[in-house]
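K.L.:
Number 71 in the numbering used here belongs to position 71 of the sequence shown; there are no gaps in the numbering.
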Amino acid sequence: MFARNLFGQKKIFHRFRVGILSIAVLFTISGLPGAIADQSTAAKEGSKMKKIESSLFGKTKEGNEVHAWTLTNANGLKATILDFGGVLYSMDVPDKNGKFENISANLATVPEYQENRPFFGSLVGRFGNRIANGKFKLDGKEYTLPQNNGPNSLHGGLKGFDQKIWSAEPAEDQHTVALRLKYRSQDGEEGYPGNLSATVQYILTDENELIIDYAASSDQPTPINLTNHTFWNLGGATSGSILDHEMLLGATHFLPTDSTLIPTGEILSVKDTPLDFTAKKTIGRDIRDIKEPQFNGGYDHCLILAPPGTADGKYRFCAYVRDPKSGRAMEIKTTEPAVQFYSGNFLNGSIGVGDYKYQKQTAFCLETQHYPDSPNHSNFPSTILVPNKIYRHTTIHRFTVEP
Numbered sequence: 001m002f003a004r005n006l007f008g009q010k011k012i013f014h015r016f017r018v019g020i021l022s023i024a025v026l027f028t029i030s031g032l033p034g035a036i037a038d039q040s041t042a043a044k045e046g047s048k049m050k051k052i053e054s055s056l057f058g059k060t061k062e063g064n065e066v067h068a069w070t071l072t073n074a075n076g077l078k079a080t081i082l083d084f085g086g087v088l089y090s091m092d093v094p095d096k097n098g099k100f101e102n103i104s105a106n107l108a109t110v111p112e113y114q115e116n117r118p119f120f121g122s123l124v125g126r127f128g129n130r131i132a133n134g135k136f137k138l139d140g141k142e143y144t145l146p147q148n149n150g151p152n153s154l155h156g157g158l159k160g161f162d163q164k165i166w167s168a169e170p171a172e173d174q175h176t177v178a179l180r181l182k183y184r185s186q187d188g189e190e191g192y193p194g195n196l197s198a199t200v201q202y203i204l205t206d207e208n209e210l211i212i213d214y215a216a217s218s219d220q221p222t223p224i225n226l227t228n229h230t231f232w233n234l235g236g237a238t239s240g241s242i243l244d245h246e247m248l249l250g251a252t253h254f255l256p257t258d259s260t261l262i263p264t265g266e267i268l269s270v271k272d273t274p275l276d277f278t279a280k281k282t283i284g285r286d287i288r289d290i291k292e293p294q295f296n297g298g299y300d301h302c303l304i305l306a307p308p309g310t311a312d313g314k315y316r317f318c319a320y321v322r323d324p325k326s327g328r329a330m331e332i333k334t335t336e337p338a339v340q341f342y343s344g345n346f347l348n349g350s351i352g353v354g355d356y357k358y359q360k361q362t363a364f365c366l367e368t369q370h371y372p373d374s375p376n377h378s379n380f381p382s383t384i385l386v387p388n389k390i391y392r393h394t395t396i397h398r399f400t401v402e403p
């Protein structure tokens, strides 16, 4: 009932039809409000603006070339993706005055992504989020992973998918432009079993959606939990605090954690906690009520998304976020059962493009995923991928402008 009610709100999600681009599930949503709808002239003129461009972005410390791929839709929205780490480097969308600006935090060079590893915009794998003590058991065998976050393994280990160069292939059809990325993770890489082949597509539609579609297969049972780690600021990537952003989440429960951010195994209601975003409120309204020291004065919580409504197919409502100053809004729906909401509590001056310093709570993340530490909790949804099965996960971001 909760998810259905959210979809029924004015200007959230409109009716849709389903189409297919390769392995991706695409949504065409009608009724774009505000300034983005005013940018649609190019679509009426035969999608003259729609294109895919590539350029040399830089080189890794090892001397390997990294390319940037820019997808432009018929309305002028642009998504730039690096083949290093599958990084969503920039996402250019208009504000209520029609001014386009990047809303995705980024760094200036590839070596900075290698050295600082803030995960800005990165594809995360083989297992996003944390695994307790860097260990899990599978079919009676214990596996040991790098402990790169205190006692735990975080975001795939020392050299996860965010540190790899992916092969890239552009694609387009009448209403979309896309970049298909592929990476093969060898058996034993970062301690994980099985040869795993991953494909991730970034798809930009003329309905102003950025769709991230994931697929993977393995020749041995292995845990998998792929996600994207974009840091968003809808006022503009360098516009400062995100605490006045308004947010609505499709989550009625969350996973409490221990002092190292590992789930205790409990599943608790968000009611009467700072995590209750079932009614729209600013990110900063209740943030001072988070007292646990492991969160460093902000949100870094896994919230469980309500099941899809009967009219929504397999997609769960995840989030609606709006910056009141610029009017930019972002709506997210996903096939995943949870989202990690992080309010940038540990940003400490990472230097981005133009020497901008990303300080605490100047960007936020909404990482759609399975539950953290799932291989060690039998009561959590399984994240084990077995041979002859395909892992699939699709998340849709839809950008609008509201007064």
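Glycine included, every Cβ here is placed at the ideal spot set by N, Cα and C.
1) Go through its chain and collect everything with a Cβ distance to Pro111's Cβ below 6 Å, but skip five positions before and after it.
2) State buried or exposed for Asn106, treating a residue as buried only when at least 16 other CB atoms are found within 10 Å of its CB.
3) Determine the contact status of Leu196 and Leu385, defining contact as a CB-CB distance below 9 Å.
4) Below 9 Å between beta carbons: does that hold for Ile211 and Ile396?
5) Bridge partners for Trp166 per DSSP, in chain order?
6) How should Glu266 be labelled, buried or exposed, when 16 other C-beta atoms within 10 angstroms of its C-beta is the threshold for buried?
7) If you follow the beta strand (DSSP E) that Gln114 is in, where does it begin and where does it stop?
8) Check whether the stretch 138 to 148 and the stretch 244 to 258 are in contact - that is, three or more C-beta pairs closer than 8 Å.
9) Where does Pro375 sit, in a helix, a strand or coil, going by DSSP?
10) Give the secondary structure of Phe295 by DSSP, where H, G and I count as helix, E and B as strand, and everything else as coil.
11) Would you say the stretch 260 to 276 touches the stretch 221 to 228, given that touching needs at least three Cβ pairs under 8 Å?
12) Who are the Cβ neighbours of Ser239 in its own chain at under 7 Å, not counting the five residues just before and after it?
13) On the criterion of 16 or more Cβ atoms from any shown chain inside 10 Å, does Ala279 qualify as buried, or is it exposed?
14) Check whether the stretch 332 to 342 and the stretch 294 to 310 are in contact - that is, three or more C-beta pairs closer than 8 Å.
15) What separation, rounded to the nearest whole angstrom, lies between the Cα atoms of Asn388 and Arg130?
16) Could you compute how far the alpha carbon of Arg392 sits from the alpha carbon of Pro94?
17) Report the option in Glu246, Ser350, Asp162, Thr383 whose CA atom is closest to the CA atom of Ala284.
18) Tell me which same chain residues have a C-beta within less than 8 Å of the C-beta of Lys50, skipping the five on either side of it?
19) Should the stretch 161 to 169 be regarded as contacting the stretch 79 to 97, the criterion being three or more beta carbon pairs within less than 8 Å?
20) Out of Gln294, Phe317, Ala329, which has the shortest C-alpha to C-alpha gap to Leu303?
21) Mapping DSSP to helix, strand and coil, what is Ile52?
22) Tyr143 lies in the beta strand (DSSP E); which residues open and close that run?
23) Check for me: the beta strand (DSSP E) holding Ala338 runs from which residue to which?
24) Which residues bound the beta strand (DSSP E) around Gln361?
25) Could you pull the start and end residues of the beta strand (DSSP E) that Thr60 belongs to?
26) Select from Lys137, Leu204, Tyr183 the residue whose C-alpha is nearest the C-alpha of Pro193.
P.N.:
Taking the definition as stated:
1) Around Pro111: Lys61.
2) Flag for Asn106 reads buried.
3) A contact, by the Cβ cut-off of 9 Å.
4) Result yes, Cβ atoms of Ile211 and Ile396 sit closer than 9 Å.
5) In the DSSP secondary-structure assignment, Trp166 is not bridged to any residue.
6) Looking at its Cβ environment, which holds fewer than 16 other Cβ atoms inside 10 Å, Glu266 is exposed.
7) Judged by DSSP secondary structure, Gln114 falls outside any beta strand (DSSP E) and instead within the alpha helix (DSSP H) spanning 110 to 115.
8) Judged by Cβ distances under 8 Å, the stretch 138 to 148 makes no contact with the stretch 244 to 258, as fewer than three pairs qualify.
9) Looking at Pro375 - three-state DSSP - the assignment turns out to be helix.
10) Three-state DSSP puts Phe295 in a helix.
11) Under the three-pair Cβ rule at 8 Å, the stretch 260 to 276 does not count as touching the stretch 221 to 228.
12) If we look at Ser239 and ignore the five residues flanking it on each side, its Cβ neighbours are Asn233.
13) Classification for Ala279: exposed.
14) Pairwise C-beta distances place the stretch 332 to 342 in contact with the stretch 294 to 310, as three or more of them are shorter than 8 Å.
15) Rounded to whole angstroms, Asn388 to Arg130 spans 26 Å at the Cα level.
16) Approximately 31 Å, taken between the alpha carbons.
17) Per the sequence shown, residue 284 should be read as Gly rather than Ala. Checking every option, the nearest Cα to that of Gly284 belongs to Glu246.
18) Hits under 8 Å: Ala42, Thr72, Asn73, Ala74, Glu172, Val177, Asp206.
19) Result yes; three or more Cβ-Cβ pairs closer than 8 Å.
20) Of the listed residues, the one whose Cα sits closest to Leu303 is Phe317.
21) Residue state for Ile52 is assigned as strand, using DSSP reduced to three classes.
22) DSSP places Tyr143 inside the beta strand (DSSP E), whose first and last residues are 141 to 144.
23) That run of the beta strand (DSSP E) goes 338 to 342.
24) Taken as a continuous stretch (DSSP letters only), Gln361 belongs to no beta strand (DSSP E), as it is neither H nor E.
25) First-last for Thr60: undefined, no H or E at that position.
26) That would be Lys137, whose Cα lies nearest to the Cα of Pro193.
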